[in-house]
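**Student:** Protein chains in written order, with the numbering used here: chain A, 167 to 404; chain B, 167 to 404; chain C, 5 to 248; chain D, 5 to 248. Supplied in structure tokens, the structure appears directly below.
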Amino acid sequence: MNMPKHRLDEQTIAMRVAREFQNGMYVNLGGGIPTLAANFVAEGREVVFHTENGGLGYGGIAATEEADWDMFNASFQPVTYAPGMSFFSHDEAFDMIRGGKIDLSVLGAMQVSEKGDLANWAIGNMADYNGDVVAWIRTGRFPPGIGGAMDLAAAAKKVIVAMKHVTNKNEPKIVRKCTYEITAPRCVSLIITDIAVIEVTPQGLVLKETAPGFTPEDVQAETEPILKIDPALKEIQL
Amino acid sequence: MNMPKHRLDEQTIAMRVAREFQNGMYVNLGGGIPTLAANFVAEGREVVFHTENGGLGYGGIAATEEADWDMFNASFQPVTYAPGMSFFSHDEAFDMIRGGKIDLSVLGAMQVSEKGDLANWAIGNMADYNGDVVAWIRTGRFPPGIGGAMDLAAAAKKVIVAMKHVTNKNEPKIVRKCTYEITAPRCVSLIITDIAVIEVTPQGLVLKETAPGFTPEDVQAETEPILKIDPALKEIQL
Amino acid sequence: MINKIVGSAREALADVFDGAVILCGGFGCVGGMPATLFRALAEVPARNLTLVGNAPVLGVRAQKAAARTMQVPDWFADGELLLKNGQVSKLIVSVPAMAIYRLEEPFPIVKALQAGQDIEVELVPQGTLAARMKAARAGIPAFYARPGTGTFLQKGREVRRFDGKDYLLEEAIRADFGIIWAHKGDRHGNLVYRGTSRSFNATVAGAARVTVAEVDEIVELGAIDPEAVATPGIWVDRIVRRAV
Amino acid sequence: MINKIVGSAREALADVFDGAVILCGGFGCVGGMPATLFRALAEVPARNLTLVGNAPVLGVRAQKAAARTMQVPDWFADGELLLKNGQVSKLIVSVPAMAIYRLEEPFPIVKALQAGQDIEVELVPQGTLAARMKAARAGIPAFYARPGTGTFLQKGREVRRFDGKDYLLEEAIRADFGIIWAHKGDRHGNLVYRGTSRSFNATVAGAARVTVAEVDEIVELGAIDPEAVATPGIWVDRIVRRAV
């Protein structure tokens with residue numbers, strides 16, 4: 167008899183992401199699911215959140231009544247003040263990233279390859295537009311915008327992807343080779359989805375954890391590359 | 167009958183230097199005679215003094231009783247606070263220099279060539295030590311130290327030299343070709359000394375002003391390259 | 005006396021010329037966008053402008069959608085006005101439009117291109133964009149950086165290895181004008197910001213030949229703590245009060 | 005909880021190893037020299053150290069002469085102690101000694117060389133030195149700069165033309181430790197300075213793998229105005245109180 171399959175909702179994925187936060191880490195959270203993780207830092211741990219637009223040490227996402235348009239993160243969410251916070255220029259914010267001071271970057275993704283290549287800034291491929299970015303934008307279909315993703319993916323000490331396991335059309339997002347434009351090659355080390363936690367290793371993708379009710383075969387069915395199964399495979403722990 | 171020759175003292179050279187300060191200029195003053203000019207800004211003009219160690223807008227040289235070891239200029243002189251002052255890092259101080267924001271750099275010099283080459287950081291030449299800087303330092307004879315001179319000479323909008331016209335041994339310091347290691351080639355545009363004001367032009371050195379009692383011949387006698395005489399030659403005005 | 009305070013934004017930008025390259029402060033949305041200066045630029049006759057910034061042409065409609073609970077007032081503006089006027093011939097940006105927001109109508113750059121405007125777009129990673137501005141300010145003509153290696157951005161570019169890793173040659177962006185917002189400023193041009201709205205404003209300050217700042221408040225010289233000056237006045241050429 | 009405060013300078017520098025490259029804060033004289041950390045380094049067994057800084061080995065005697073009316077206390081120290089111990093094998097500095105001051109005895113570096121120590125000296129223009137530290141902090145492996153072109157420094161170096169002018173390729177200085185002074189710091193490592201003593205301290209902060217700061221005063225988290233933080237804590241790894 168099978169347990170009922172239970173896909174994690176976004177908040178729960180974010181809770182699982184937050185388990186990766188070690189005390190003292192400098193963490194940058196990308197837009198979407200990653201930013202939700204700011205609210206789930208474990209008791210007794212202190213983590214410093216970095217935002218590209220020049221802030222370090224914000225508290226969490228601000229409630230409507232606290233929202234201040236001079237206090238927001240790189241996903242345009244209002245954030246709260248916390249003691250120890252600091253503000254600085256955009257260039258300094260990226261010196262921190264490029265200089266390797268961000269311990270953990272959690273990013274959303276459109277695709278992740280089995281080598282850890284990340285595609286998270288464009289839904290499409292330059293080749294489809296003969297390399298003409300203007301032609302692409304003119305179509306109005308998911309106009310590409312790099313933002314800070316390439317900088318983070320290229321330079322953070324560790325890059326984790328947090329995303330739904332498949333697209334809205336049930337196409338796999340964990341793929342052999344990215345078909346969308348990539349953000350950086352071989353940068354992702356851990357993938358956290360609504361059905362699995364997968365580690366990117368030199369030997370390939372290793373399934374470490376599954377959502378309640380999901381067998382390795384279930385996860386494999388939604389994943390393009392072949393998954394290795396960790397001998398210590400377990401249910402996703404929160 | 168000749169007027170008595172009157173060499174300007176250091177304070178008076180500095181007064182002449184200060185006549186070059188236009189309202190609103192950002193000015194960096196090197197050690198020695200140049201720093202003295204800070205005290206002679208003309209009435210009605212406002213000049214902002216920049217110091218390499220991260221200060222902008224200091225007032226002047228501090229009196230003994232005001233001396234604070236956290237308020238000093240790049241010549242290790244205590245300076246005073248003035249409204250509008252700011253402090254910043256050393257790298258930002260040199261971004262200002264390299265970025266071309268210093269309108270006027272006044273430097274001391276060991277030698278200036280007729281092309282405007284400046285030698286002001288070493289008394290000697292690398293060739294004398296087979297290019298071995300350690301051998302040079304080991305001698306203990308005027309150990310070389312670059313400081314901020316190369317950065318200023320290479321990047322300030324205008325470089326003025328303020329110095330005694332000749333060495334203590336009465337050797338000319340304005341020379342055809344620098345024998346000492348140079349700071350930057352073709353960077354000096356005006357030379358202010360105790361006996362003359364000389365402009366460096368593409369056509370050569372032009373004598374613009376002389377000290378009281380000094381004829382062009384007197385100045386030429388203490389100057390290695392041939393001087394052109396400005397038709398509007400006049401006595402040094404303070 | 006030094007007085008960088010100018011009576012109006014239009015006066016401060018009156019010498020913007022055809023073909024000028026303009027660095028834009030602000031992150032692209034909510035606080036910190038130099039709205040008064042964008043509005044003034046839209047009233048200047050200059051055309052064929054190059055706008056350089058993180059996301060200077062999202063438009064107020066998108067900003068309001070993105071800002072959600074943070075209020076974006078109707079007087080707010082960005083480079084959308086210049087696109088509408090047909091004043092823009094090139095964008096050097098990190099985000100020309102946002103794929104994630106569904107608006108009633110297309111983003112301003114999409115509309116402009118669909119209307120047949122001839123606009124070049126250079127996409128730059130956000131941190132590299134900031135560093136290329138900073139390099140210009142620091143008199144550094146070029147530097148090497150890693151973001152973009154192994155992506156479409158590497159195509160046709162100079163790649164160089166340091167310590168076994170590839171880096172791209174990145175050139176400083178040389179600009180004619182920089183427009184920024186700051187919270188407070190004095191007549192010397194010293195600026196302080198507020199919160200995360202500092203961002204690209206502090207980066208743009210000093211990076212162009214002429215930096216124009218719009219400030220919420222003009223204060224007396226000496227009112228800003230010299231230890232807390234975020235942008236020393238040397239980087240700023242003209243100051244105007246924000247016109248709301 | 006994050007707590008970067010370390011009980012003593014010796015503890016903060018206990019892992020300095022033979023051959024380590026150490027960036028030195030301070031300008032070379034009077035306020036802003038990390039004297040406590042220099043003294044602690046002199047008690048660490050590590051040898052063959054590379055010291056990088058503007059003028060880190062002038063010695064207290066020269067500093068007192070140069071400082072004139074500004075008091076330099078007897079407890080003050082710099083890299084002279086390390087030279088005396090024979091711990092230094094290389095200097096990357098702008099000013100190894102000052103030609104303009106006549107002292108009773110030679111400058112420390114002159115004495116060390118005359119005593120037969122084998123010390124390499126790399127002379128770097130002050131601003132280029134600061135920029136090479138800043139590049140390391142910013143993850144920029146190399147950049148082009150103009151100072152030094154047309155001088156002895158150009159010899160054997162890569163020269164490249166941009167817009168008709170020559171520039172030298174300058175590489176980031178990769179260092180193991182950075183020692184700095186600051187006025188106040190909190191347990192996250194946020195720092196503020198005082199006056200012109202900020203200088204190279206703010207430049208060195210974050211430029212080495214490990215940054216150790218000595219501060220006049222340790223303050224509660226939140227006591228430093230977030231707008232006035234000069235060095236955000238991310239750049240600082242360890243903090244100790246100045247020991248006078």
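Glycine included, C-beta positions come from ideal geometry on N, C-alpha and C.
#1: Rounded to whole angstroms, what is the Cα-Cα separation between A184(A) and L173(D)?
#2: Please go through the region 123-168 of chain D and give each complete alpha helix (DSSP H) segment of 4 or more residues, from N-terminal end onward.
#3: Where DSSP assigns a beta bridge to L53(D), which residues make up the other side?
#4: Look up W185(C) in the DSSP assignment and say whether it is helix, strand or coil.
#5: If you count every other CB in all the chains shown that lies within 10 Å of the CB of E337(A), and 16 or more means buried, which is it?
#6: How many angstroms separate the CA atom of P129(D) from the CA atom of G57(D)?
#7: If you draw a straight line from the alpha carbon of K159(D) to that of T349(B), how long is it in whole angstroms?
#8: So T155(D) packs on E390(B), CB below 8 Å; how close in whole Å?
#9: Which parts of the region 249-312 of chain B are runs of the beta strand (DSSP E), unbroken and 3 residues or longer, counting only runs that do not cross its ends?
#10: Exposed or buried, W79(D), counting other C-beta atoms within 10 Å across all chains shown (16 or more means buried)?
#11: By a C-beta neighbour count over all protein chains shown, 10 Å radius and 16 as the cutoff for buried, is P60(D) buried or exposed?
#12: Could you give the residue range of the beta strand (DSSP E) that holds F215(B)?
#13: Identify the continuous alpha helix (DSSP H) that holds L393(A) and give its terminal residues.
#14: Checking the sheet assignment: what are the DSSP bridge partners for A179(D)?
#15: Just to confirm my understanding: we take V372(B), look at its own chain, exclude 5 residues before and 5 after, and list those with CB closer than 6 Å. What are they?
#16: In chain D, what lies closer than 9 Å to R264(B) by C-beta?
#17: Can you check which of these residues, G143(D), E124(D), V48(D) and E231(D), is closest to G265(A) by C-alpha distance?
#18: Compute the beta-carbon to beta-carbon distance between M316(A) and G152(C), rounded to the nearest angstrom, for a pair I have assumed lies under 8 Å.
#19: Do F187(A) and V207(A) have their C-beta atoms closer together than 8 Å?
#20: Could you tell me if T230(B) is buried or exposed, where buried requires 16 or more neighbouring beta carbons within 10 angstroms of its beta carbon?
#21: From the beta carbon of N189(B), is the nearest beta carbon of chain C less than 8 Å away?
#22: In three-state terms, what does DSSP make of N3(C)?
#23: DSSP on S201(D), reduced to helix/strand/coil?
#24: Can you give me the C-alpha to C-alpha distance between E162(C) and A101(C), rounded to a whole angstrom?
#25: Can you pull the chain B residues whose beta carbon is under 7 Å from the beta carbon of T253(D), in chain order?
#26: In the DSSP assignment, find the unbroken alpha helix (DSSP H) run with L45(C) in it and report its ends.
#27: Taking the C-alpha atoms as reference points, what is the distance between F204(D) and I177(D)?
#28: When you compare the CB positions of G306(B) and P110(D), do they come within less than 8 Å of one another, or not?
#29: Going by DSSP in three states, K171(B) sits in which element: helix, strand or coil?
#30: Does P351(B) come within less than 8 Å of chain C when only Cβ atoms are used?
#31: I179(B) lies in the alpha helix (DSSP H); which residues open and close that run?
#32: Starting from the Cα of T54(D), find the closest Cα among R213(D), R65(D), I9(D) and L27(D) and give me that residue.
#33: How about R141(C): is its C-beta nearer than 8 Å to some C-beta of chain B?
#34: Please decide whether P244(A) counts as near chain D, where near means a Cβ-Cβ distance under 8 Å.
#35: For I312(A), would you say it is in contact with chain C, using Cβ-to-Cβ distances shorter than 8 Å as the test?
#36: Could you tell me whether the Cβ atoms of S271(B) and V325(B) are closer together than 8 Å?
**Tutor:** With the given structure in hand:
#1: 43 Å
#2: 130-141
#3: In the DSSP assignment, L53(D) is bridged to V92(D).
#4: Strand at W185(C).
#5: Of the other Cβ atoms in all chains shown, fewer than 16 fall within 10 Å of the Cβ of E337(A); this residue is therefore exposed.
#6: 11 Å
#7: 14 Å
#8: In fact, because the Cβ distance is near 21 Å, the residues do not count as touching under 8 Å.
#9: Every unbroken stretch of the beta strand (DSSP E) spanning 3 or more residues and falling wholly within the region 249-312 of chain B is given here in chain order: 270-273 and 277-279.
#10: Around the beta-carbon of W79(D), fewer than 16 other beta-carbon atoms lie within 10 Å, marking it exposed.
#11: buried
#12: Note, F215(B): beta strand (DSSP E), V214 to T217.
#13: Per DSSP, L393(A) belongs to no alpha helix (DSSP H); it is in the beta strand (DSSP E), L393 to E401.
#14: A212(D)
#15: E365, K394 and D396
#16: G131, T132, A135, A149, R150 and P151
#17: Minimum Cα distance to G265(A) is reached at G143(D).
#18: 6 Å
#19: It is a contact, given that the beta carbons lie within the stated cut-off.
#20: Label assigned to T230(B): exposed.
#21: yes
#22: Absent from the model: residue 3(C). The displayed extent of chain C is 5 to 248, so no value can be given.
#23: Residue state, collapsed to three classes: helix.
#24: 28 Å
#25: Given a span of 5 to 248 for chain D in the structure shown, any question on residue 253(D) remains unanswerable.
#26: A39 to L45
#27: 14 Å
#28: In this structure, G306(B) lies near P110(D), with their beta-carbon atoms less than 8 Å apart.
#29: Shown here, K171(B) sits in coil according to DSSP, grouped into three states, outside any helix or strand.
#30: no
#31: E176 to A184
#32: L27(D)
#33: yes
#34: no
#35: yes
#36: Yes, the Cβ-Cβ distance between S271(B) and V325(B) is below 8 Å.
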